[in-house]
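Reviewing the structure listed below.
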Amino acid sequence: MASALDTIAHLIVPNVLKLKGAAMLIGAMERRDASAFAQVWQQTGVEHTPQVSAKEKGDWRFGVMSLPKPSAMGEAYMCAFVTKKNDGSVNRYFTLEYDYVLATKTEKTILCEREGSLTKKRGDGSPITGDFQADASAFVDAIADKL
Amino acid sequence: MPPRAPKPLVLDPVVGASKLALDKEHLIVSGTLDCPRLFVMHRDGTGRHVVFDANSLSNVCDVWADDRDIFVSCDRGLGRVDKSGTFRQLAPYTHAHICCDEEFLYGTQGVGRDENEIGAFRIPRTGGELEWLVRGPTSALTVHDGRLYYYQHQLIRVREPDGATRALAQAEWPGSIVVLGPDEIAWTQNGLVASAKDRLPRTLATPRIATGMIRRGDTLYWGAWEPNKQGLWYMRIDDPTPALVAKFPHKSLSIVADDTHLFWTGHVNGGVYALPRSSRG
């Protein structure tokens with residue numbers, strides 16, 4: 003059974019994206035306004051005050067939100083909403099997920115993208131340092147390489 | 002042929018300048034990404050001094066300043082800072098958007114651990130008891146003549162000094178709310194610059210992306226992005242024909258002005274820019 007954090011990252015937050023659109027959410031995140039996601043935490047009962055950040059790279063706009071610290075595979079450190087500057091109808095959603103390598107007994111991150119009801123792995127993710135702004139910036143760079 | 006919009010002065014090219022405020026003599030800039038988290042500079046761009054670097058502070062949500070104080074909401078909560086980097090916490094809220102009048106510091110808290118700690122509040126500028134004015138997810142606040150203008154549940158609302166509230170306009174996460182009259186406001190949101198008088202809305206412009214907005218005298222200034230038309234825009238309130246003030250690659254996220262100049266930050270990847278107010282295109 004999926005954990006609460008897994009469900010938030012892969013079902014509830016993507017549903018907010020479907021309802022509001024990436025352009026709207028990123029616009030709010032540029033102003034550090036995370037109130038668009040207040041209902042996610044209120045209705046799931048998960049205590050979390052998200053940090054948000056935004057960036058532009060090339061033709062793309064990115065909004066990054068921190069998620070509660072993951073403890074199991076399938077849970078995510080942060081998620082990103084992506085749209086095009088010239089086309090606000092483009093809505094893409096990425097997660098930076100916790101992963102554990104059994105062979106080496108080490109932790110790492112993987113970059114995933116949600117497409118419909120599927121979560122697709124897009125390769126190794128950026129490292130987590132604990133500084134949200136630095137981690138968000140590295141996450142955006144990792145996504146930009148895949149776009 | 003219309004006059005060509007002038008190029009702005011680049012006061013600081015640092016990437017990631019976000020919110021901007023103006024005290025008696027300095028510009029106060031909050032940054033993200035590759036930028037110091039809080040720094041000050043003279044209005045000509047000289048004398049740059051870092052108050053908090055990325056090692057001492059991870060996240061600044063908002064900054065507000067006047068001739069008396071500088072307030073920030075940041076990882077350490079909401080409080081007053083001085084330019085030496087001393088932070089005095091007034092409230093524990095880390096994601097508040099803030100503004101002030103003579104007596105109070107106002108904040109909105111859109112998310113939080115406890116629903117009793119989500120809403121709009123005020124606290125005496127010198128510190129003291131925090132008073133909740135509005136409950137529920139709230140953002141984008143402005144204070145004018147004792148009235149609190151704020152956004153909540155797809156509505157821009159006003160709270161009168163006696164506590165009564167009423168809706169002024171429908172909106173979707175406005176970037177800035179500007180007061181034009183007791184029941185007249187203007188605002189920016191995704192894809193729209195609009196005003197409403199007596200709850201009757203009017204579209205002023207429809208850029209693909211609209212960001213910050215301020216009013217100075219009879220003029221509104223806002224940031225917008227549109228292919229080949231990105232930059233800072235202005236419009237006289239009595240002549241609603243928008244025109245480009247300054248064209249540059251970034252739209253204007255946070256805008257402030259003194260008697261002679263406009264200052265703004267260039268969206269999420271830009272720096273700090275200025276332009277004499279007299280040189281608008």
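Protein chains in written order, with our numbering: chain A, 3 to 149; chain B, 2 to 282. Ideal placement from N, C-alpha and C gives every residue a C-beta, glycine not left out.
Residue i, buried or exposed, once every other Cβ within 10 Å from all chains shown has been counted against 16
i      : result
A/Q45  : exposed
A/E99  : buried
B/G271 : buried
B/P162 : exposed
B/L21  : buried
B/E26  : exposed
A/K103 : According to the sequence shown, residue 103 of chain A is Val rather than Lys. So A/V103 ends up on the exposed side.
B/H98  : buried
A/D143 : exposed
A/M26  : buried
A/E32  : buried
B/P125 : exposed
B/P228 : exposed
Coil, strand or helix - residue i by DSSP
i      : result
B/Q190 : strand
A/T46  : helix
B/S57  : coil
A/A11  : helix
B/L181 : strand
B/K20  : strand
A/I28  : helix
B/R81  : strand
B/S74  : strand
A/F134 : helix
A/L149 : coil
B/G282 : With a pLDDT of 45 at B/G282, under the threshold of 50, the predicted position of this residue should be treated as unreliable, though the coordinate-derived value follows. B/G282: coil per DSSP, three-state reduction.
A/Q41  : helix
B/F249 : coil
A/V142 : helix
B/N241 : It is worth fixing the name first, because residue 241 of chain B is Pro in this sequence and not Asn. DSSP places B/P241 in strand when its eight states are reduced to three.
B/K230 : coil
N-terminal and C-terminal residue of the beta strand (DSSP E) that residue i is part of
i      : result
B/Q153 : R148 to Q153
A/K123 : L120 to D126
A/M67  : W62 to S68
B/R158 : L156 to R160
B/A275 : V273 to P277
B/W265 : H262 to G267
Test item: CB-CB of residue i and residue j under 7 Å
i      : j      : result
B/T232 : B/F249 : Going by the sequence as given, residue 232 of chain B is Gly instead of Thr. Contact: yes.
A/A36  : B/G192 : no
B/V61  : B/S85  : no
A/T97  : A/A11  : yes
A/V66  : A/A40  : no
B/Q144 : B/C100 : The question names Gln, but residue 144 of chain B in the sequence shown is Val. Taking 7 Å as the Cβ cut-off, B/V144 and B/C100 qualify as a contacting pair.
B/L169 : B/A141 : no
Contacts that residue i makes with chain A (C-beta to C-beta distance below 7 Å)
i      : result
B/C62  : R34
B/N270 : K57 and E58
Contact set between residue i and chain A, taken where Cβ atoms lie within less than 8 Å
i      : result
B/R216 : Under the 8 Å cutoff, chain A gives no residues; its nearest Cβ is about 18 Å from B/R216.
Closer than 9 Å at the beta carbon, the chain B residues around residue i
i     : result
A/Q45 : Those within 9 Å of A/Q45 in chain B number zero; the least Cβ separation is about 11 Å.
A/A25 : N191, G192, R209 and I210
Partner residues on chain A for residue i, Cβ-Cβ distance less than 9 Å
i      : result
B/N117 : Neighbours of B/N117 on chain A: none; closest Cβ ~12 Å, over 9 Å.
B/T95  : T51 and Q53
B/S59  : Q53, G132, D133, F134, Q135 and A136
Partners in chain B for residue i, counting only beta-carbon separations shorter than 7 Å
i     : result
A/A30 : W174
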